[in-house]
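K.L.:
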Amino acid sequence: MYMSSYCWDGILIGNKRSFVSKMGEELIALILGSAPDAIRAVTWPKRDKCKIVSINNAWRIRDDWDYSVYPDDFPTQYRPDRKSHAQRLIDSSIYVPANNQFGGIVYAGATMAFTAGYWALSALKPTVLAYLGCDMVYTGRNTHFYGQGTPDPIREDITLLSLEAKSARLMTIAAQQHCACVNLSEELESRLLFPRVSHTALSGDLPLTNYSAELSRKALSLENEAGYLIQDGKYWEHYASFDQNVLAEIDRLWLSAVGV
34 MYMSSYCWDG ILIGNKRSFV SKMGEELIAL ILGSAPDAIR AVTWPKRDKC
84 KIVSINNAWR IRDDWDYSVY PDDFPTQYRP DRKSHAQRLI DSSIYVPANN
134 QFGGIVYAGA TMAFTAGYWA LSALKPTVLA YLGCDMVYTG RNTHFYGQGT
184 PDPIREDITL LSLEAKSARL MTIAAQQHCA CVNLSEELES RLLFPRVSHT
234 ALSGDLPLTN YSAELSRKAL SLENEAGYLI QDGKYWEHYA SFDQNVLAEI
284 DRLWLSAVGV
């Protein structure tokens with residue numbers, strides 16, 4: 034049921050880990066969500082070294098998406114028809130094993146913005162994870178580019194005690210994989226802690242996150258000790274096994290690791 038012992042390597046400099054992007058291997062993974070801001074991507078030219086990863090309904094924004102990621106309960110009628118043989122549909126049979134490489138859904142946070150990010154980190158090995166339309170702020174009349182939608186993370190879920198902490202975890206683990214996380218949003222509020230970057234300044238070789246190696250190790254150690262990696266991803270079947278206080282402490286460590 035549970036598995037531990039997962040880790041990532043980096044270059045230790047003092048008490049911080051720092052990385053240098055690998056020249057000649059730049060790849061941008063554009064993670065496209067459904068917030069109103071996502072519609073800006075309609076007119077953006079697609080770069081040669083860019084893969085578009087659309088979440089749920091976001092495939093409707095552009096025809097040239099590369100991957101469409103959705104949960105098992107995403108209605109069949111809302112799923113995309115592939116425009117080319119190169120386009121791939123990514124469901125739980127694909128993204129759960131990828132997330133497990135980085136500790137599993139419980140620690141990653143069970144919302145598709147993070148699920149898709151860890152899948153992309155595993156499958157595409159990008160140098161940049163660039164998010165748009167994934168601010169996870171659900172206020173006002175139009176919460177999604179298509180109008181009023183159902184907010185994924187606004188529910189009582191033990192894996193989503195702090196969306197900010199989950200974004201700090203992804204940002205740190207991505208840095209350990211030589212990958213920068215950035216937010217292309219122009220919205221005033223976001224639950225993502227990623228640095229803001231204009232899409233015109235986006236490149237495949239952006240600065241990586243500075244983080245505390247010591248606090249990162251402590252967070253990973255506590256995750257390993259708790260052992261909440263659910264192999265099939267069905268964490269909701271094991272709620273009684275999870276200690277909310279332990280998960281809150283793990284969140285605190287990830288936030289502290291990036292100086293929050």
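Residues 34 to 293 (the numbering used here) make up the sequence shown, in order. All C-beta atoms, glycine included, are put in the ideal place defined by N, C-alpha and C.
Using beta carbons (cut-off 8 Å, strictly below), is ALA163 in contact with chain B?
P.N.:
The structure shown contains no chain B; it is built from a single protein chain.
K.L.:
Counting only runs of 3+ residues fully inside the region 90 to 146, write out the beta strand (DSSP E) ranges in chain order.
P.N.:
The region 90 to 146 contains these whole beta strand (DSSP E) runs: 100 to 102 and 121 to 123.
K.L.:
Alpha carbon to alpha carbon, how far is ASN133 from SER254?
P.N.:
Here residue 133 refers to the residue found at position 100 when the sequence shown is read from its first residue. Here residue 254 refers to the residue found at position 221 when the sequence shown is read from its first residue. When rounded, the distance between both Cα atoms is 16 Å.
K.L.:
Pull up the DSSP beta-bridge partners for CYS214, would you.
P.N.:
For this step, residue 214 is matched to residue 181 along the sequence shown. LEU162.
K.L.:
To the nearest angstrom, how far is the alpha carbon of ASP96 from that of HIS271?
P.N.:
One-based indexing of the sequence shown puts residue 96 at position 63. One-based indexing of the sequence shown puts residue 271 at position 238. ASP96 and HIS271: Cα-Cα distance of roughly 39 Å.
K.L.:
Can you tell me whether ARG229 is buried or exposed, with buried defined as 16 or more other CB within 10 angstroms of its CB?
P.N.:
If you number the sequence shown from 1, residue 229 lands on position 196. So ARG229 ends up on the exposed side.
K.L.:
Taking the alpha carbon of GLU219 as the point to measure from, which residue in TYR164, ILE138 and GLY142 has its own alpha carbon closest?
P.N.:
Your numbering for residue 219 matches position 186 in the sequence shown. The shortest Cα separation from GLU219 among TYR164, ILE138 and GLY142 belongs to TYR164.
K.L.:
Closer than 6 Å by C-beta to TYR103: which residues in its own chain qualify, once you throw out the five before and the five after it? Chain order, please.
P.N.:
Reading the sequence shown from its first residue, position 70 is the one you call residue 103. The answer, listed in chain order, is ASN89.
K.L.:
Which full runs of the beta strand (DSSP E) of 3+ residues lie inside the region 212 to 281, going along the chain?
P.N.:
DSSP runs (the beta strand (DSSP E)) wholly in the region 212 to 281: 213 to 216.
K.L.:
Does DSSP put ALA62 in a helix, a strand or coil?
P.N.:
In the sequence shown, residue 62 corresponds to position 29, counting from 1. Residue state, collapsed to three classes: strand.
K.L.:
According to DSSP, VAL291 sits in a beta bridge with which residue or residues?
P.N.:
As a working mapping, residue 291 is identified with position 258 in the sequence shown. VAL291 pairs with nothing; no bridge assigned.
K.L.:
Please report how far the alpha carbon of PHE248 lies from the alpha carbon of ASN278, in whole angstroms.
P.N.:
Indexing the sequence shown from 1 puts residue 248 at position 215. Indexing the sequence shown from 1 puts residue 278 at position 245. Here residue 248 turns out to be Leu, not Phe, going by the sequence shown. Distance between the alpha carbons of LEU248 and ASN278: 18 Å.
K.L.:
Quick check: THR242 and ALA208, are their CB atoms within less than 8 Å of each other?
P.N.:
Counted from its first residue, the sequence shown places residue 242 at position 209. Counted from its first residue, the sequence shown places residue 208 at position 175. Contact: yes.
K.L.:
In whole angstroms, what separates the C-alpha of PRO186 from that of GLY137?
P.N.:
Taking the first residue of the sequence shown as 1, we reach residue 186 at position 153. Taking the first residue of the sequence shown as 1, we reach residue 137 at position 104. With a pLDDT of only 47 at PRO186, under 50, the local geometry of the prediction cannot be trusted, and no value is derived from it.
K.L.:
Near ILE61, what residues of its chain come up, given a Cβ to Cβ distance below 7 Å and the 5 sequence neighbours on each side ignored?
P.N.:
What you label residue 61 is simply residue 28 of the sequence shown in a count that begins at 1. So the qualifying residues of the chain are ARG80, LYS82, CYS83, PRO159, VAL161, ALA163, LEU235 and GLY237.
K.L.:
Within the same chain, show all residues whose beta-carbon is closer than 8 Å to that of ASP99, passing over the 5 residues directly before and after it, in chain order.
P.N.:
Residue 99 sits at position 66 when you count from the first residue of the sequence shown. Counting only Cβ-Cβ distances below 8 Å, and skipping sequence neighbours, we find LYS84, ILE85, VAL86, ALA119, GLN120 and ARG121.
K.L.:
Which residues does DSSP pair with LYS84 in a beta bridge?
P.N.:
Within the sequence shown, the letter at position 51 stands for residue 84. BP columns for LYS84 point to ALA62.
K.L.:
Between which two residues does the alpha helix (DSSP H) harbouring THR205 extend?
P.N.:
Taking the first residue of the sequence shown as position 1, residue 205 is located at position 172. First-last of the alpha helix (DSSP H) with THR205: 196 to 209.
K.L.:
Could you check if ASP284 is buried or exposed, using at least 16 other CB atoms within 10 Å of its CB as the buried criterion?
P.N.:
Taking the first residue of the sequence shown as 1, we reach residue 284 at position 251. It is buried - the Cβ of ASP284 has at least 16 other Cβ atoms within 10 Å.
K.L.:
With distance defined between alpha-carbon atoms, name the residue in TRP287, LEU65 and LYS251 nearest to ALA198.
P.N.:
To locate residue 198, count along the sequence shown from 1; it is residue 165. Nearest C-alpha to ALA198: TRP287.
K.L.:
Which residue from SER101, VAL291 and SER125 puts its Cα closest to that of LYS116?
P.N.:
On the sequence shown, residue 116 is found 83 positions in, with the first residue counted as 1. Of SER101, VAL291 and SER125, the residue nearest in Cα terms is SER101.
K.L.:
Under the rule that 16 or more other beta-carbon atoms within 10 Å means buried, what is GLY150, buried or exposed?
P.N.:
Taking the sequence shown and counting its residues from 1, one reaches residue 150 at position 117. Looking at its Cβ environment, which holds 16 or more other Cβ atoms inside 10 Å, GLY150 is buried.
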